[in-house]
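Protein chains: 4
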Amino acid sequence: MFRFESDYTEGAIPEILARLSETNFEQTAGYGEDAHTERAKALIRKACEAPDASVWLLVGGTQANRTVITQLLRPHQGVLCADCGHIGIHESGAIEASGHKVLPLPSDQGRVTADQIEEAYTAHITNADADHMVQPGMVYLSHPSEFGTLYTKEEMTAISAVCRRLSLPLYIDGARLGYGLSAAENDLTLPDLAKLADVFTIGGTKVGALFGEAVVFTGDAYCRDFRYLIKQGGGLLAKGRLLGIQFETLFEDENGEEPADAAATRYCRIAAHADRLADRLRKTFAAAGFEDAYPSGTDQIFVKALDEKLESLKKEFAFSFWEKADESHSLVRFCTSWATREEAVEALENALHH
Amino acid sequence: MFRFESDYTEGAIPEILARLSETNFEQTAGYGEDAHTERAKALIRKACEAPDASVWLLVGGTQANRTVITQLLRPHQGVLCADCGHIGIHESGAIEASGHKVLPLPSDQGRVTADQIEEAYTAHITNADADHMVQPGMVYLSHPSEFGTLYTKEEMTAISAVCRRLSLPLYIDGARLGYGLSAAENDLTLPDLAKLADVFTIGGTKVGALFGEAVVFTGDAYCRDFRYLIKQGGGLLAKGRLLGIQFETLFEDENGEEPADAAATRYCRIAAHADRLADRLRKTFAAAGFEDAYPSGTDQIFVKALDEKLESLKKEFAFSFWEKADESHSLVRFCTSWATREEAVEALENALHH
Amino acid sequence: MFRFESDYTEGAIPEILARLSETNFEQTAGYGEDAHTERAKALIRKACEAPDASVWLLVGGTQANRTVITQLLRPHQGVLCADCGHIGIHESGAIEASGHKVLPLPSDQGRVTADQIEEAYTAHITNADADHMVQPGMVYLSHPSEFGTLYTKEEMTAISAVCRRLSLPLYIDGARLGYGLSAAENDLTLPDLAKLADVFTIGGTKVGALFGEAVVFTGDAYCRDFRYLIKQGGGLLAKGRLLGIQFETLFEDENGEEPADAAATRYCRIAAHADRLADRLRKTFAAAGFEDAYPSGTDQIFVKALDEKLESLKKEFAFSFWEKADESHSLVRFCTSWATREEAVEALENALHH
Amino acid sequence: MFRFESDYTEGAIPEILARLSETNFEQTAGYGEDAHTERAKALIRKACEAPDASVWLLVGGTQANRTVITQLLRPHQGVLCADCGHIGIHESGAIEASGHKVLPLPSDQGRVTADQIEEAYTAHITNADADHMVQPGMVYLSHPSEFGTLYTKEEMTAISAVCRRLSLPLYIDGARLGYGLSAAENDLTLPDLAKLADVFTIGGTKVGALFGEAVVFTGDAYCRDFRYLIKQGGGLLAKGRLLGIQFETLFEDENGEEPADAAATRYCRIAAHADRLADRLRKTFAAAGFEDAYPSGTDQIFVKALDEKLESLKKEFAFSFWEKADESHSLVRFCTSWATREEAVEALENALHH
């Protein structure tokens, strides 16, 4: 059985396991106050070209989203979000459990636009009953989006400009950021993001780490007392160095040195591997007559296919069912990752050619 | 200026004011532990033909909705609700502030169906990732709906049956219940509601009281420790007798006696007045070429009309703007109420005839 | 039976009932956007000598406390409060339900000191694990305190100075403020409070109104978007004018005119009546050998007395049991109010003389 | 520098790191639906002699406490807890952020008694204003306590009996459970706990794992839909197998086989090492004239010592400052752990002998 159902079916890149072993008996302070965490944060700031950014390392994505959104919103505010956004659909109501409404915007291929944000905000403030409604208090985007698609630099610049004009902090969920940064089509760099977003995450869980999401506040405006909220949300790892060691390893270059730029980090290099294999699979799916529902160059492939064909693939391959498309077709997801082996891709290619 | 913008532009029926004056220097225990509250509850149980119902008197509608929903849901559950539902749109995120997601269902003229409820529930429990999502934990309906339309007895019976089969408590928001019970088209009685719902409210604020919503739990299953939640939610009125006196007055007959049935209560009699005037206005609007967007027999009239015509009406009449319908038309609401005077209706009729 | 168990056993001062009747058929906008509410706010600002204060009218005390505290705190902050404070003991966990810890300070006769506040704050910020703990984010006091005692102007000035130095907003719960302002011993005026507090309430429920608490933000720093929070908390009364009419009546002078100063308002005049009767009772209790546990000049009298004596009083008088003091004595509370009649006091005096 | 400041200054036992490396490229399903997690749960049920227990693996202790307490309480309920309890003091208000009050009980050496629980419960239900207060809804204990002390089997049996009689679920926080189970004085076995508690945790973070807390529901009564709450609370690790692999390793015997009993697990064996070294240090501290503030046989040692002596120890040893004891003394904590080396203990012994 080859598993393509998600990008977190394996452990971590071997360099991380090696580093964990090497450092295992070092004695360090807890809760992220150790030298590894400090170095990881410095490497991230470097890769972001954001020397003043405030960087935090959390364990998981739902935790990061919940904690950041709790940090940014006042009690009467909600978060604007694509209707397919992870926080609105797949986090068991974590945002509502923190007291806030997710305000969905219709999305195109997983993405929303600057105009939509402005319209939603304007509709609110011009409503005679505005204070009987939830006030939009921030914007949440995923890049890559839930469906693996990407914002262009132009689109994101426009979104950022609207958000700043309206004083809506812009938060970008980068659970799969590496796969976005490394995609052939991508023109939005890590330093760009650090300029355009107010907060964003750099996902480790799906990109080479055992676990871990770095939260980057790009300025001073919104990070006050964030550590209290991490602790309160259950996200302050006692052995914080585990996060430090992992992100330190991911944000070095392949020789363990400070990298020249983001592209030279292990983080981006291992992601490029996944994107390359995904592109290869995309061509095979197209040749086999599977429709690509959300064309992109990142590691997630959403294809619409005949149910009987999918039935037969299931014997050898694990993939994710998304939804019924019609009577005889379904939408399914195949993921590659930093860990995907060429032979797995070849096996799938062989199966698709028949 | 004649005001038709809502059904709470006046104070209360004169019998309530008289009763407040008569009882003003009675000394009673606080927090609803007085004889007036006891009698009001008994009269409500009587009108509902529900001798075992548990009745509570709260000040306002948002408060009642928030408190009931907090009572019924566990932390991971949300509330199924028409997409136009009051709790989802017009309560400033009160439900989310209590930790729960409002799960919107597309509505037809403000109403949802038993099938929609069943489909939403089934979609959830058959989803492979169900526990990454919000679990539907109850159903919220308004009767009359947000747009004044009514459920038939058949429709509500089907909804109730589905809810019981799926163990989803059914909560009916009756903020304008009187106007529904008294509508010519209505075939759903108060005793019917008490059989079909698990909890419902009987709105006083819009139907003759200064303020007040009665919350009726129709069985034992869901009302445990409800008084703690009322207090915690800020809804336990110190001088609870004010609520008792008002509901006692509303649920007597016109002679201050125990009424023969719900229809004989002051509550239903004063509502019938509003419905009659609304029906009269509906005919006038139709004659004047205004389109009735949500036909019903209750006190709210939603009409689509030419903006310039509305502009000229505004000089003499207050009404509510709902939304732009197209370039040159808007949807607006006119309400009658227990307090609407015939001459106000006549003035509006005259204005519409020109 | 004469009831002394609380100061909310009757309805409202007759002037309020009369005004409600006079205005009953006025048509007004809802939610506090009416002329009565506007005038009430202006009269309150006048009495406070605070022309720029932001005034809001809410229905009840728990609601006001919960809404104000939600407004002032960030998620990781708690509220410093006397250990006997209403929010910590008698509001069913309303503050915690809003996400915040009540941080109790040992109290002396119901009061805390500027030094205690400073020490608690300093202990927090100097703790190496501060961000594993709840950050003190504001101070809550009651004046009169839970036990009817009063802060002197000097004490309150010191508290206010500490709060401003530490950037801790100071919130004063004035549920019984009238009885404090009118007490013989009091030297803290309404204008003083408006200078020293950041937010405070002027309680109507216990001082002549049917219900209602005015929330006064004395500056711009903390009131942003407060109306959203009132609505979300279920505190935005549909017929807001009912609050306007009541506070307008309370903050006029006895001729219905704008009063010369706070002391000339109906609010303070009716409270003075209660304080006078309480002082008279205090002397009687002392003569009868009951120990005054919390000496003050306000309307609450806490006395320690022999259980058998209390047993016999119970036949004719209602009062509140507070706690067992020892084997044979209990602490109980007698309240007077604006509505207490001389003959009730006489009856109690007679009973105590035997 | 030798670090004794906590029991989480190192990584994990080498067997865990080896196992992570061995399994790194296995492809497994996410979110704990893998064979390692299944085996870990089976081994834990085995060690607990509780074949029907429901076992869950979470990342951290605050997360586990917050999630379990959210699971057990209704909105108006609070959690009875020793006044020094972790949830009340050191979790940044996580419980209050979930809506619940921590109800502190005075503790003796970190422990509370069955009588105290019964008294608190009885005081609540017999209070005339009970529903104005927070209802005790569960009991939280730590074993070992915050100060390392232990409950005897007799004490815990009495607590459990009271809790069951009063229908208060009993939750035991076992963040350092291994060090308790392995202490010479301990007479409370893992199977005992599984009989006496309704829910308890088995801490991995401080006892040999990189991270991880097992939550054990010992019966069916309280675990319904717990997985939703884990996800909502941000505690559902994507690569859940990491927790499975760690607990599987900890709950095998030293040969990687199913152990004969709890004492034969790696978990207890490594804890015994820490307890042995702690006992050795305790004797040294006593000989050096340091007062043992909380005598116990577990891995935490709280000693009161002269500040100048502590100052000189600080140069070579890290330990935790707890509080000033008096002018010239402080209370400090030294911890051993599974990772403590004999030479570190010897170095400290040498320093203390001088």
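Heads up: the sequence lines are chains S, D, V and X, in that order. Per this note's numbering, the first sequence runs over residues 1 to 354. Per this note's numbering, the second sequence runs over residues 1001 to 1354. Per this note's numbering, the third sequence runs over residues 2001 to 2354. Per this note's numbering, the fourth sequence runs over residues 3001 to 3354. Heads up, the beta-carbon is just placed ideally off N, CA and C, and yes, glycines get one too.
Practice task
Measure from the alpha carbon of Ala-35 of chain S to the alpha carbon of each residue in S:Asp-198, S:Val-139, S:Gly-244 and S:Val-59, then state which is nearest.
Solution key: S:Gly-244
Practice task
Please specify which runs of the alpha helix (DSSP H), each continuous and at least 4 residues long, are wholly inside the stretch 3144 to 3189 of chain X, giving them in chain order.
Solution key: With a minimum length of 4 residues, the continuous alpha helix (DSSP H) runs that stay inside the stretch 3144 to 3189 of chain X are 3153 to 3165 and 3177 to 3181.
Handout entry: CB contact below 8 Å: Asp-1326 of chain D versus chain S
Key = no
Practice task
Look at Glu-1146 of chain D and Gly-1110 of chain D and say whether their C-beta atoms are less than 8 Å apart.
Solution key: Contact check for Glu-1146 of chain D against Gly-1110 of chain D passes: the beta carbons are separated by less than 8 Å.
Handout entry: Span of the alpha helix (DSSP H) around Ala-3018 of chain X
Key = 3014 to 3022
Exercise for the section: Check distances from the C-beta atoms of the stretch 2210 to 2240 of chain V to those of chain S and list, in chain order, the residues that come in under 7 Å. Expected result: Asp-2225, Arg-2227, Tyr-2228, Leu-2229, Lys-2231 and Gln-2232
Handout entry: Limits of the unbroken beta strand (DSSP E) element including Ala-3305 of chain X
Key = 3300 to 3306
Problem - Per-residue DSSP class, three states only, for Pro-3075 of chain X - result: coil
Problem - Chain-ordered neighbours of His-2076 of chain V on chain S, where CB pairs are closer than 7 Å - result: Per Cβ cutoff of 7 Å: Asp-225, Tyr-228, Leu-229 and Gln-232.
Practice task
For Trp-2322 of chain V, I'd like the list of residues in its chain whose CB is within less than 7 Å of its CB, leaving aside the five on either flank, ordered along the chain.
Solution key: Phe-2302, Leu-2331, Val-2332 and Arg-2333
Practice task
Assuming Val-3079 of chain X and Tyr-3140 of chain X form a contact by the criterion Cβ under 8 Å, report the distance between their Cβ atoms to the nearest whole angstrom.
Solution key: 5 Å
Exercise for the section: For Glu-3291 of chain X, I'd like the list of residues in its chain whose CB is within less than 7 Å of its CB, leaving aside the five on either flank, ordered along the chain. Expected result: Excluding sequence neighbours, Glu-3291 of chain X sits near Val-3303 and Lys-3304.
Practice task
Please name the residues in the stretch 2135 to 2157 of chain V whose beta-carbon is closer than 8 Å to at least one beta-carbon of chain D, in chain order.
Solution key: none
Exercise for the section: Whole angstroms is fine: what's the gap from Tyr-2031 of chain V's alpha carbon to Ala-1260 of chain D's? Expected result: 36 Å
Handout entry: Under 8 Å by beta carbon: chain D residues contacting Tyr-2008 of chain V
Key = Result: Gly-1030, Ala-1238 and Lys-1239.
Practice task
Specify, as a first and last residue, the run of the beta strand (DSSP E) that Thr-1201 of chain D falls within.
Solution key: 1199 to 1203
Exercise for the section: Have a look at Asn-127 of chain S and Thr-1023 of chain D and give me their C-alpha separation to the nearest angstrom. Expected result: 42 Å
Exercise for the section: Just tell me which of V:Ile-2013, V:Glu-2005 and V:Phe-2004 has its CA closest to the CA of Phe-2211 of chain V. Expected result: V:Ile-2013
Practice task
Name, please, each residue of chain S whose Cβ falls closer than 7 Å to the Cβ of His-2132 of chain V.
Solution key: Lys-231
Problem - Below-8 Å beta-carbon distance, Thr-3122 of chain X vs any chain D residue - result: no
Practice task
Measure the alpha-carbon distance for Ala-29 of chain S versus Thr-3009 of chain X and round it to whole angstroms.
Solution key: Cα to Cα, the separation comes out at about 6 Å.
Practice task
Quick one: using the 10 Å Cβ neighbour count with 16 as the cut-off for buried, is Phe-1226 of chain D buried or exposed?
Solution key: buried
Problem - Inter-residue Cα distance where the pair is Glu-1015 of chain D and Thr-2336 of chain V - result: 30 Å
Practice task
Please list, in chain order, all residues of the same chain as Thr-3249 of chain X whose beta carbon is under 6 Å from its beta carbon, the five residues on each side excluded.
Solution key: Glu-3015, Ile-3016 and Arg-3019
Practice task
Could you spell out the range, first to last residue, of the beta strand (DSSP E) harbouring Ala-2214 of chain V?
Solution key: Its beta strand (DSSP E) spans residues 2213 to 2217.
Practice task
Check the C-beta distance from Pro-1075 of chain D over to Thr-3070 of chain X and give it rounded, since I have them as a contact under 8 Å.
Solution key: 5 Å
Problem - Contacting positions in the stretch 3092 to 3122 of chain X - beta carbon closer than 9 Å to chain V - result: Ser-3092, Gly-3093, Ile-3095, Glu-3096, Ala-3097, Ser-3098, Gly-3099, His-3100, Lys-3101 and Val-3102
Problem - Three CB pairs or more closer than 8 Å across the stretch 2180 to 2192 of chain V and the stretch 2263 to 2275 of chain V - result: yes
Problem - C-beta contact flag for Met-138 of chain S and Ser-1092 of chain D at 8 Å - result: no
Handout entry: Euclidean distance between Cα positions of Thr-3340 of chain X and Arg-3003 of chain X
Key = 9 Å
Exercise for the section: Note the first and the last residue of the continuous alpha helix (DSSP H) segment covering Cys-137 of chain S. Expected result: The question names Cys, yet the displayed sequence has Gly at residue 137 of chain S. It is not in any alpha helix (DSSP H) - Gly-137 of chain S instead sits in the beta strand (DSSP E) that spans 135 to 142.
Exercise for the section: Compare the C-beta of Thr-1070 of chain D against all C-beta atoms of chain X and say whether one is closer than 8 Å. Expected result: Chain X contact via Cβ: present.
Practice task
Would you give the residue range spanned by the alpha helix (DSSP H) that Lys-1324 of chain D belongs to?
Solution key: Unbroken run through Lys-1324 of chain D is the beta strand (DSSP E), 1320 to 1324; no alpha helix (DSSP H).
Problem - From V:His-2329, V:Pro-2169, V:Gln-2077 and V:His-2143, residue whose alpha carbon lies closest to that of His-2124 of chain V - result: The shortest Cα separation from His-2124 of chain V among V:His-2329, V:Pro-2169, V:Gln-2077 and V:His-2143 belongs to V:Gln-2077.
Problem - CA nearest to the CA of Lys-195 of chain S, picked from S:Ile-172, S:Phe-317 and S:Glu-38 - result: S:Ile-172
Exercise for the section: Give a yes or no on whether 8 Å exceeds the smallest Cβ distance from Thr-3037 of chain X to chain S. Expected result: no
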